[in-house]
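Asks: Residue numbers (my numbering): 21 to 91.
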Amino acid sequence: MDAIAACVVGGVSFTGGIGKISGVVVGVFIFTALTYSLTILGIDTNLQFVFSGIIILVAVTLDCLKYVQKK
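Next comes the structure, spelled out in structure tokens:
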């Protein structure tokens with residue numbers, strides 16, 4: 021799940037054919053930084069999953085909006 025989330029945040033489209041490896045690396049860094057920063061702040065592990073879920077939902081929503089605008 022984390023790998024798919026990092027790919028979507030990095031710009032890989034669910035519809036296929038769009039995305040770069042550099043974007044995936046950026047997505048991995050974003051999720052790693054999020055996890056470390058929330059751990060340092062002392063946020064509960066369950067809330068960390070909520071924050072990750074929110075980021076995934078935002079990324080998928082933006083991807084869907086971008087796909088709809090292309091059509």
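Using N, Cα and C, we set each Cβ at its ideal position, and we do this for glycine too.
Bear in mind the structure is a predicted one, so any value in this text is a computation, not a measurement.
Taking 8 Å as the cut-off, decide whether the C-beta atoms of phenylalanine 51 and serine 72 are in contact.
Replies: As a position in the sequence shown, residue 51 is number 31, starting the count at 1. As a position in the sequence shown, residue 72 is number 52, starting the count at 1. Cβ distance < 8 Å, so phenylalanine 51 and serine 72 count as in contact.
Asks: Could you compute how far the alpha carbon of lysine 40 sits from the alpha carbon of valine 28?
Replies: Counted from its first residue, the sequence shown places residue 40 at position 20. Counted from its first residue, the sequence shown places residue 28 at position 8. Roughly 11 Å separates the two Cα atoms.
Asks: With respect to the alpha helix (DSSP H) encompassing lysine 86, which residues constitute its N-terminal and C-terminal limits?
Replies: Numbered from its first residue, the sequence shown carries residue 86 at position 66. Where lysine 86 is concerned, the enclosing alpha helix (DSSP H) stretches over 65–90.
Asks: Report yes or no: is there a C-beta of chain B within less than 8 Å of the C-beta of alanine 53?
Replies: Absent from the structure is chain B; it holds one protein chain and no more.
Asks: Between which two residues does the alpha helix (DSSP H) harbouring serine 42 extend?
Replies: Residue 42 sits at position 22 when you count from the first residue of the sequence shown. It spans 41–60 - the alpha helix (DSSP H) in which serine 42 sits, taken as one unbroken run.
Asks: Excluding five sequence neighbours on each side, which residues of the same chain lie with their C-beta closer than 6 Å to the C-beta of glycine 43?
Replies: The count along the sequence shown starts at 1 and reaches residue 43 at position 23. Cβ within range, chain order: Gly30 and Gly31.
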